[in-house]
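Worksheet: the structure to be examined is printed underneath.
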Amino acid sequence: MKGSSVITIRLIMTKIRARDLRNHKKDDLIKMLVEQKTELASLRVSKVTGGAVAKLCKIRVVRKTIARILTVINQNYKQELRKFYAGHKYKPIDLRKKQTRAIRRRLTKHEQSLKTKKQQHKERAFPLRKYAVKA
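Here's what the structure looks like:
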């Protein structure tokens with residue numbers, strides 16, 4: 001009997017989905033976050049005072065909702081930073097491509113293609129000969 005009431009309570013409480021949160025603006029998300037945190041605080045108070053089982057079960061849902069809202073806020077923030085640094089030469093470390101150390105230390109394509117003055121002079125002085133053999 002005790003377990004069945006917990007299941008029904010879980011079905012009644014609606015979960016806020018991350019995909020729905022992504023459509024909201026930052027101000028709305030912050031308001032929702034504040035509301036959820038105040039609700040969590042009140043639920044914790046009711047837990048201490050010996051509240052209903054339904055409220056105790058709701059603590060977990062509210063905590064997960066807070067985590068979801070924070071995740072969406074942080075992802076949006078990082079996305080804006082990526083847009084801002086898109087054309088820049090230098091980027092913050094956490095926005096750079098995450099590759100192996102060896103790849104990160106490798107020369108860039110431009111650096112690989114550079115030639116010394118001596119090499120350029122040699123190539124100009126002795127270009128590749130073009131010829132064809134008559135059959």
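Just so you know, we're using the UniProt record's numbering here: the sequence shown kicks off at 1 and counts up by one.
Where a beta carbon is used, it is the ideal one built from N, C-alpha and C, also for glycine.
Taking a contact as a CB-CB distance under 8 Å, the pair L95 and R82 counts as one, their CB atoms being some 6 Å apart. Q36 has its alpha-carbon roughly 15 Å from the corresponding atom of S46.
Between the region 63 to 74 and the region 27 to 43 there are three or more inter-stretch CB-CB distances shorter than 8 Å, so the stretches are counted as touching.
Pairing K55 with L43 gives a Cβ-Cβ distance under 8 Å. Here the alpha carbon of A18 sits roughly 12 Å from the alpha carbon of N76. For F84, the uninterrupted alpha helix (DSSP H) run begins and ends at 53 to 84, by DSSP.
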